[in-house]
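Right, one structure below, let's go through it.
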Amino acid sequence: SIVVSAMTHYGEKSNVAWCGCRMFVHLAVGNAHVLTRVAEEGATEAILRAMRRYRTLPRVQLKALEAVASLAVESRKLSVGIIVRQLIKHEAVEAIRAAIMSHPTDAGIQERGQRALAAVEA
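Next comes the structure, spelled out in structure tokens:
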């Protein structure tokens, strides 16, 4: 996908990471085919890579957590198991916990982090 490609090739730019995660929040809502396609093209890896690269940037963490939760919820709703399998394989739970621990006073990260954990571990 062009989003994964941009996040991979311009990963040193936090705005690209943020925009990519934002796209994934909305891209696959209600569409099992698109959800499967973004999974196959590396969306989960790109999101988690952004979380790890920009661990100290709340803006990127917030959007990445939202993307993880959105994809996991849609994956379960539409019975597209590949997303949750990939999130688990690429250690999403650890990345989510790291975000929560790195930003203990950020209410948004705490809330979205808990929502992402619940969605992945459901």
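Numbered per the numbering used here, the sequence shown finishes at 177, counting up by one with no gaps. Virtual Cβ for every residue (Gly too), placed ideally from N, Cα, C.
Find the nearest neighbour of A94 within the set S56, G85 and A72, judged by alpha-carbon distance. S56
Three-state secondary structure assigned by DSSP to A173: helix
Would you check if there are 3 or more beta carbon pairs closer than 8 Å linking the segment 72 to 85 to the segment 105 to 123? yes
Skipping 5 residues on each side, what residues in its chain have a beta carbon closer than 7 Å to that of W73? R114, V115 and K118
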